[in-house]
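Asker: Please find one structure pasted underneath; my questions will follow.
Protein chains in written order, with the numbering used here: chain H, 32 to 280; chain A, 83 to 377.
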């Protein structure tokens, strides 16, 4: 009951402080096909960083490789100094990385409450249920519903909400706005901003450039399994044409 | 007392009781198969052989070590369940990525090996196992006499089925299991050790079959092939109930035992085939089984 979202705001560090996640020379394969080529990227503590790119560019695969769900990978992924490249997904999660997958990963045969309580706590200081219900009031009304009865927006909120309970302060979020109505996208944007304020570090995959632009500190452009460019958010206006060229919009 | 279609009530109730006892074994065995199939996607053909081992371990405990039934009821499932976990780790896990047919063939082969080894040492004639002293005798229910041990089997089967259902549907561990059945990758991305969960689940399913074996020891003769006929019926039960469905296994097990018992009263010629006729009908009209989810 004591934990509120604003509470940890005070100890939120500035974005420049230290690298939380450092990916260097990351290569990845789906079977025989080489899909990630020497990906380099850094996410600093307290930042929201996006991976932008067209469909099939390798953004989701990059998140899966970080999470340990891409079985065949090489290079270096360091999280708070720990090398992840040889660790299985369950150990990576235990280090404090939360994963919100592009299909939302809701368990249809579990109730909303069971989905919420499923991920084990990996660190102290996660949100308690009242704090989660404050952030996502719709979920509280649907605790007994089964996961497969939820709307897309509710599933997305549940997917984010259940990570907040675990105490993981680093979240990999894969296209949280995909296929959702503008009003829900707005709510999710609001949530991401509050999480950032609460001290979360977020690596966000997005196709929705306008959504990304309103939230992120920095952006990486991913093309054909490579990081080809990067921009700070305040550089976007000057590079708009270039970015739109990359994204094909 | 009334007579139904010329059947004396004693005969009717006797067959109902027998049906419920068979149904108890069907339920506990198909429950173990359902738990295993749900998470591992393995059709555990060795289930009948492991049931037989449960009965044999119980017989060995009594014969060689003088350990009575009540302790065997706990020790035997633990021993056979542990063996199951070794089988999962060493033999089934390497087949995980391959077609399900491979694990079916492996467990079928294991059945032949286990049955063969026991036949080699114990022959095919049954070993007697006494009914525990506290459960001997009969109880007069007014309308029929109930052998106490047979009533005990039904009560134990109901308790074990309910406890398993509760564990899977109502506890945190059960929610891990259901979630891993649906999407193991996502569960591992939350920091849960899915391979360990798989091993424990297989061990638990096997322990259930061994538990049924211990219960069976005093009523059926303990012999190396005791699981063979039973397991075929149990496979029919889980197809009818719905592969991997917990409720389907429990309700299907008891009710099909009952149907079989009643068939023995009204049309004895069909009593050994009735379950397979029902299976064929279910496959025709609802291929995923009565409690199964449509794929």
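Cβ coordinates follow ideal geometry from the N, Cα and C atoms, glycine included.
1. Considering residue 130/H, what are the terminal residues of the beta strand (DSSP E) in which it resides?
2. Let me know the secondary structure DSSP gives residue 370/A once reduced to three states.
3. Quick one: what does DSSP say residue 11/H is sitting in, helix, strand or coil?
4. Would residue 147/H pass as a contact of residue 160/H if the rule is Cβ separation under 9 angstroms?
5. Between residue 119/A and chain H, is the shortest Cβ-Cβ distance under 9 angstroms, so that the two count as touching?
6. Only counting the same chain, and skipping five residues up and downstream in sequence, which positions put a Cβ closer than 8 angstroms to that of residue 186/A?
7. What do you get for residue 128/H, buried or exposed, if any count of 16 or more other CB atoms within 10 angstroms of its CB means buried?
8. Quick one: Cα of residue 298/A to Cα of residue 135/A, how far?
9. How would you label residue 146/A, buried or exposed, when you count the other beta carbons within 10 angstroms and need 16 or more for buried?
10. Short of 6 angstroms in beta carbon distance, which residues of its chain neighbour residue 239/H, apart from the five on each side in sequence? Order them along the chain.
11. Between the Cα of residue 97/H and those of 78/H, 260/H, 117/H, 83/H, spot the shortest distance and give me the residue it belongs to.
12. What does the Cβ neighbour count give for residue 342/A, buried or exposed, with the cut at 16 atoms within 10 Å?
13. Closer than 8 angstroms, Cβ to Cβ, to anything on chain A: give me those residues from the stretch 124 to 139 of chain H, in chain order.
14. What is the residue span of the alpha helix (DSSP H) that residue 221/A lies within?
15. Which runs of the alpha helix (DSSP H), 4 residues or longer, sit entirely within the stretch 127 to 196 of chain H?
16. Is it buried or exposed, residue 148/A, if we count other Cβ atoms within 10 angstroms and call 16 or more buried?
17. Going along the chain, which residues of its own chain have a beta-carbon closer than 8 angstroms to the beta-carbon of residue 170/H, five neighbours each way excluded?
18. Just the chain A side, please: which residues come within less than 8 angstroms of residue 213/H by C-beta, in chain order?
19. Can you find the residues in the same chain that come closer than 7 angstroms, C-beta to C-beta, to residue 101/H, ignoring five residues on each side of it along the sequence?
20. When DSSP labels each residue in this structure, what does residue 325/A get in the three-state scheme?
21. For residue 65/H, is the classification buried or exposed, using 16 other Cβ atoms within 10 angstroms of its Cβ as the cut-off for buried?
22. So if DSSP puts residue 204/H in a beta bridge, which residue, or which two residues, is it bridged to?
23. Under 9 angstroms between beta-carbons, which chain H residues line up against residue 260/A? List them in chain order, please.
Answerer: According to the structure data:
1. First-last of the beta strand (DSSP E) with residue 130/H: 128 to 131.
2. Residue 370/A falls in the coil class under three-state DSSP.
3. A query on residue 11/H cannot be resolved here, the shown segment of chain H reaching from 32 to 280 and no further.
4. In this structure, residue 160/H lies closer than 9 angstroms to residue 147/H by Cβ.
5. No, no contact with chain H.
6. If you ignore the 5 residues before and after residue 186/A, its C-beta comes within less than 8 angstroms of the C-beta of 124, 125, 127, all in its own chain and listed in chain order.
7. Burial is judged here by how many other beta carbons sit within 10 angstroms of a residue's own beta carbon; residue 128/H has at least 16 and is buried.
8. Answer to the nearest angstrom: the Cα atoms are 11 angstroms apart.
9. Burial call: exposed.
10. These residues qualify, in order along the chain: 208.
11. Among 78/H, 260/H, 117/H, 83/H, the Cα nearest to that of residue 97/H is on 117/H.
12. Residue burial is scored here from C-beta neighbours: residue 342/A has at least 16 other C-beta atoms within 10 angstroms and is therefore classed as buried.
13. Correct list: 124, 125, 130, 132, 136, 138, 139.
14. Careful: residue 221/A lies outside any alpha helix (DSSP H), inside the beta strand (DSSP E) at 220 to 222.
15. Correct list: 143 to 148, 160 to 166, 168 to 172, 183 to 195.
16. With fewer than 16 other Cβ atoms within 10 Å, it is exposed.
17. 143, 147, 163, 164, 185, 188, 189, 192.
18. The premise fails here: residue 213/H is roughly 28 angstroms from chain A at the closest Cβ pair, so nothing lies under 8 angstroms.
19. Correct list, in chain order: 59, 92, 95.
20. Here residue 325/A sits in coil by DSSP.
21. Residue burial is scored here from C-beta neighbours: residue 65/H has fewer than 16 other C-beta atoms within 10 angstroms and is therefore classed as exposed.
22. Residue 204/H is bridged to 131/H, 235/H.
23. Within chain H, the C-beta atoms nearer than 9 angstroms to that of residue 260/A come from 138, 140, 141, 145, in chain order.
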